[in-house]
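Taking it in order: structure first as structure tokens, then the write-up.
There are 2 protein chains.
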Amino acid sequence: MPDREDRSWGGAAFLLAQLGAHATTAFAQRVAELDLTPPQAGLLRMLAQVPGQSQQTYAERLGMPPSRFVTLVDTMEQRGLVERRRGEPDRRAYALYLTDDGQELKRRLDAIGRAHEDDLCAALTTVERATLRELLTRMAQQQNLTAGVHPGYRQRRG
Amino acid sequence: MPDREDRSWGGAAFLLAQLGAHATTAFAQRVAELDLTPPQAGLLRMLAQVPGQSQQTYAERLGMPPSRFVTLVDTMEQRGLVERRRGEPDRRAYALYLTDDGQELKRRLDAIGRAHEDDLCAALTTVERATLRELLTRMAQQQNLTAGVHPGYRQRRG
DNA sequence: TATTGTTATACTCTATAACTATA
DNA sequence: TATAGTTATAGAGTATAACAATA
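Residue numbers (the numbering used here), protein chains in the order written: chain A, 1 to 158; chain B, 1 to 158.
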């Protein structure tokens with residue numbers, strides 16, 4: 001006998017949290033096939049969109065402290081995906097760029113992103129998917145969320 | 001100059017992850033006013049819906065190992081919100097129930113849930129909210145997600 | 001011997017803050 | 001003195017697995 005007050009739990013907020021967590025987990029599993037973590041995938045994407053910025057700029061945008069960002073870049077630099085170039089004229093800073101391998105991996109990542117999107121929306125028609133995107137976009141704007149950035153770029157364990 | 005391949009990142013999957021993380025954080029902040037964590041709120045809700053089950057039953061449904069669930073119940077029992085009764089006839093098990101204080105707090109939690117829902121959907125009309133719920137519900141079903149349960153009941157830090 | 005609940009422990013992730021090098 | 005990046009470290013949160021009590 002579920003009590004009457006309990007309707008609020010079946011609302012959009014709960015469904016959003018539930019599906020969001022599910023989407024995040026599924027995405028982490030997919031990018032793991034490319035030996036990437038979600039934060040690494042996020043950085044790959046940022047460097048493809050806007051290259052040449054300083055580490056602090058990217059770190060802030062990804063919502064992580066500079067100290068954590070260092071190890072993130074270290075890993076990807078060792079794999080030959082990202083390149084650090086000393087800043088000009090400020091030689092304290094680094095400017096970050098994708099290598100050719102990084103750009104190639106970004107393309108594979110985009111393909112994975114499309115498959116992820118398609119799988120998650122399998123229950124919806126093309127028109128319904130557009131409706132959903134429109135509603136969610138308006139919600140995100142009203143809630144002052146930055147487009148293309150979310151705080152789910154946290155490390156996940158195996 | 002964002003590259004053309006990058007469309008997949010603006011899709012429903014990304015918006016879902018972004019808004020889901022936002023909803024989860026906002027919910028955690030709201031229930032903190034009641035001195036509750038999200039897992040505690042989840043347990044409160046479960047005990048109101050289906051009382052008298054064993055700890056393992058609830059733990060599995062909340063998606064946490066029994067060892068973690070023990071400390072969760074400990075805290076709420078000490079606050080006088082939850083009661084452990086020795087199982088009959090199996091005296092190994094406990095049956096869990098809400099106390100009167102627990103039921104009172106559940107009512108306040110429901111009120112918070114409604115406010116949370118309303119705030120999150122502020123950009124949408126009543127009809128649009130219904131549409132959104134319908135689409136998300138179908139997606140959740142197709143993805144085999146259990147109604148009323150999501151893995152976001154993890155401890156959050158202040 | 002199997003199961004419920006509990007406790008102990010080791011591990012991962014994280015943020016904080018001290019440190020260096022350039023400015 | 002201030003800033004970009006780095007390194008070291010301590011703390012929180014977690015799962016794993018050993019344990020106790022009952023079946």
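A virtual CB, placed ideally from N, CA and C, is assigned to each residue, including glycine. Note that the structure is predicted; figures quoted are calculated from it, not measured.
*Listing by chain order, which chain B residues have their CB less than 8 Å from the CB of Leu43 (chain A)?*
Locating residue 43 (chain A) in the first sequence gives position 43, counting from the first residue. Here the premise fails: no neighbours, minimum Cβ distance about 13 Å.
*Is Gln40 (chain A) close to chain B, meaning its C-beta is less than 9 Å from at least one C-beta of that chain?*
The sequence position of residue 40 (chain A) within the first sequence is 40, counting from 1. No, no contact with chain B.
*Using DSSP bridges, identify the partner residues of Ala115 (chain A).*
As a working mapping, residue 115 (chain A) is identified with position 115 in the first sequence. BP columns for Ala115 (chain A) are empty, so no partner.
*With 8 Å as the limit, tell me which residues of the region 124 to 145 of chain A have their beta carbon closer than that to any beta carbon of chain B; keep them in chain order.*
Hits within the stretch, in order: Leu124, Glu128, Arg129, Thr131, Leu132, Arg133, Leu135, Leu136, Thr137, Arg138, Met139, Ala140, Gln141, Gln142, Gln143 and Leu145.
*Once you ignore the five residues that flank Cys121 (chain B) on each side, which residues in its own chain have a CB closer than 7 Å to its CB?*
Working through the second sequence from its first residue, we reach residue 121 (chain B) at position 121. Correct list, in chain order: Arg129.
_Length-filtered (4 minimum) alpha helix (DSSP H) runs lying within the region 82 to 129 of chain A_ = Taking only runs of at least 4 residues, the alpha helix (DSSP H) segments lying wholly in the region 82 to 129 of chain A are 100 to 120.
_Proximity test, Cβ basis, 9 Å: Val149 (chain A) and chain B_ = The residue you call residue 149 (chain A) lines up with position 149 of the first sequence. Closer than 9 Å: yes.
*Does the distance from the C-beta atom of Ala123 (chain A) to that of Gln40 (chain B) stay below 9 Å?*
If you number the first sequence from 1, residue 123 (chain A) lands on position 123. If you number the second sequence from 1, residue 40 (chain B) lands on position 40. No, the Cβ-Cβ distance between Ala123 (chain A) and Gln40 (chain B) is not below 9 Å.
*Terminal residues of the continuous alpha helix (DSSP H) containing Gln53 (chain A)?*
On the first sequence, position 53 is the one that residue 53 (chain A) refers to. It is not in any alpha helix (DSSP H) - Gln53 (chain A) carries neither H nor E in the DSSP assignment.
_Looking at chain B, is there any beta carbon in it that lies within less than 9 Å of the beta carbon of Gly102 (chain A)?_
For the purposes of this step, residue 102 (chain A) is identified with residue 102 of the first sequence, where counting begins at 1. Not an interface residue.
*Cutoff 9 Å: Gly158 (chain B) Cβ touching any chain A Cβ*: The residue given as residue 158 (chain B) occupies position 158 in the second sequence. Here Gly158 (chain B) scores only 31 on pLDDT, less than 50, and its place in the model is too uncertain to base an answer on.
_Outcome for Asp110 (chain A) when other beta-carbon atoms lying within 10 angstroms are tallied against a minimum of 16_ = The residue you call residue 110 (chain A) lines up with position 110 of the first sequence. Asp110 (chain A) should be labelled buried.
*Please check if any C-beta of chain A sits within less than 9 Å of the C-beta of Glu117 (chain B).*
For the purposes of this step, residue 117 (chain B) is taken as the residue at position 117 of the second sequence. Yes, its Cβ sits closer than 9 Å to a Cβ of chain A.
*Could you say which of A:Arg86, A:Tyr94 and A:Pro151 lies nearest to Ala56 (chain A) if we only look at CA atoms?*
Against the first sequence, residue 56 (chain A) aligns to sequence position 56. Note that residue 56 (chain A) corresponds to Gln in the displayed sequence, not to Ala. Comparing alpha-carbon positions, the option among A:Arg86, A:Tyr94 and A:Pro151 lying closest to Gln56 (chain A) turns out to be A:Tyr94.
*Neighbourhood of Gly52 (chain A) by C-beta distance below 6 Å, restricted to the same chain and skipping five residues each side*: Locating residue 52 (chain A) in the first sequence gives position 52, counting from the first residue. Result list for Gly52 (chain A): Ala95, in chain order.
*asked:* I need the DSSP call for Asp35 (chain B), collapsed to helix, strand or coil.
replied: If you number the second sequence from 1, residue 35 (chain B) lands on position 35. Reduced to three states, the DSSP call for Asp35 (chain B) is coil.
*asked:* Along the chain, where does the alpha helix (DSSP H) containing Pro66 (chain A) start, and where does it finish?
replied: One-based indexing of the first sequence puts residue 66 (chain A) at position 66. Element bounds for Pro66 (chain A): Pro66 to Gln78.
_Inter-residue spacing [alpha-carbon to alpha-carbon] between Arg156 (chain B) and Arg108 (chain A)_ = Within the second sequence, numbered from 1, the residue matching residue 156 (chain B) stands at position 156. Within the first sequence, numbered from 1, the residue matching residue 108 (chain A) stands at position 108. Because Arg156 (chain B) carries a pLDDT of 48, less than 50, the predicted location of this residue cannot be relied on, and the following value inherits that uncertainty. Answer to the nearest angstrom: the Cα atoms are 33 Å apart.
*Please classify Ala21 (chain A): does DSSP put it in a helix, a strand, or coil?*
Along the first sequence, one-based indexing puts residue 21 (chain A) at 21. Note: Ala21 (chain A) maps to helix in three-state DSSP.
*Do three or more CB pairs link the region 68 to 86 of chain B to the region 98 to 108 of chain B at distances below 8 Å?*
Yes: the two stretches touch, three or more of their Cβ pairs being nearer than 8 Å.
*State the DSSP-derived secondary structure class of Thr159 (chain B), mapped to helix, strand or coil.*
Look at the range of chain B in this structure, 1 to 158, and you will see that residue 159 (chain B) is not part of it.
*Which chain B residues are close to Leu16 (chain A), counting only those with a beta carbon under 8 Å from its beta carbon?*
For this step, residue 16 (chain A) is matched to residue 16 along the first sequence. The answer, in chain order, is Leu16, Leu19, Gly20, Ala23, Leu120 and Leu136.
*So what's Gln143 (chain A) in DSSP terms, helix, strand or just coil?*
Start at 1 with the first residue of the first sequence, and residue 143 (chain A) comes out as number 143. It is coil, neither helix nor strand.
*Between the CA atoms of Glu88 (chain B) and Gly11 (chain B) - distance to the nearest angstrom*: The residue you call residue 11 (chain B) lines up with position 11 of the second sequence. The residue you call residue 88 (chain B) lines up with position 88 of the second sequence. Each residue's alpha carbon lies about 52 Å from the other.
_Classification of Glu117 (chain B) by the beta-carbon crowding that lies within 10 angstroms, buried from 16 upward_ = Translated into the one-based positions of the second sequence, residue 117 (chain B) becomes position 117. Counting Cβ neighbours within 10 Å, Glu117 (chain B) comes out buried, since at least 16 surround it.
*Cβ of Met76 (chain A) within 9 Å of Cβ of Arg61 (chain A)?*
For the purposes of this step, residue 76 (chain A) is taken as the residue at position 76 of the first sequence. For the purposes of this step, residue 61 (chain A) is taken as the residue at position 61 of the first sequence. Result no, Cβ atoms of Met76 (chain A) and Arg61 (chain A) do not sit closer than 9 Å.
_Residue-level contact to chain A via CB, Ala95 (chain B), 9 Å cutoff_ = As a working mapping, residue 95 (chain B) is identified with position 95 in the second sequence. So no, Ala95 (chain B) is outside the interface.
*So, does the CB of Asp3 (chain B) fall closer than 9 Å to a CB anywhere in chain A?*
The residue given as residue 3 (chain B) occupies position 3 in the second sequence. Reliability fails at Asp3 (chain B), whose pLDDT of 49 lies under 50, so the model's placement of it is uncertain and the value that follows must be treated cautiously. Answer yes: the Cβ-Cβ gap between Asp3 (chain B) and chain A drops below 9 Å somewhere.
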